[in-house]
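Residue numbers (the numbering used here): 33 to 163.
Glycine residues also receive a C-beta, built at the ideal position from the N, C-alpha and C atoms.
In what follows, a single structure is set out as structure tokens and then discussed.
As structure tokens, this is what we get:
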């Protein structure tokens with residue numbers, strides 16, 4: 033979460049999600065912000081891919097376990113069912129969420145983004161030995 037992807041060569045490629053599906057439950061726009069509520073499911077062994085957020089993100093783990101890593105390749109959080117989560121905003125906060133368990137991970141997430149912005153921006157891997 034605490035490193036920047038800006039120093040990567042132009043040939044670096046964004047990392048794709050693996051085993052992720054999302055269902056938008058609600059989307060409203062007001063005062064220049066999109067408010068999006070989604071259920072996100074990550075299959076066992078799946079991941080969000082390396083990414084950042086332009087806006088605020090708040091969520092809760094509904095089932096399973098979310099393992100979170102920052103761009104320094106170190107695990108910076110393990111979130112079990114019932115645990116709230118949030119991620120810092122901006123390009124300096126590259127991170128990945130992984131389901132390292134044997135059951136699906138289900139999150140309910142609320143994004144508060146600038147109108148029209150994506151809920152996340154894919155980034156190249158910071159060089160960790162996993163994606």
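| Asked | Found |
| --- | --- |
| CA-to-CA distance, residue 65 to residue 143, given in whole angstroms | 10 angstroms |
| Terminal residues of the beta strand (DSSP E) in which residue 146 lies | 137 to 146 |
| Alpha-carbon spacing of residue 137 relative to residue 159, whole angstroms | 25 angstroms |
| Anticipated Cβ contact below 8 angstroms, residue 72 with residue 56, distance rounded | No, residue 72 and residue 56 are not in contact; Cβ-Cβ is about 10 angstroms, not under 8 angstroms. |
| Per-residue burial, residue 130 [other beta carbons within 10 Å of its own, 16 or more giving buried] | buried |
| Own chain residues within Cβ distance below 7 angstroms of residue 112, not counting five before or after | 93, 97 |
| For residue 158, the residue or residues it bridges with in DSSP | DSSP, once it has assigned bridges, lists no residue as partnering residue 158. |
| Bridge partners - residue 70, DSSP secondary structure assignment | 56, 141 |
| Limits of the unbroken beta strand (DSSP E) element including residue 119 | 116 to 119 |
| According to DSSP, residues forming a beta bridge with residue 95 | 138 |
| Supposed contact pair residue 86 and residue 49 - C-beta distance, whole angstroms, cut 8 angstroms | Incorrect: roughly 17 angstroms between the Cβ atoms, too far for contact. |
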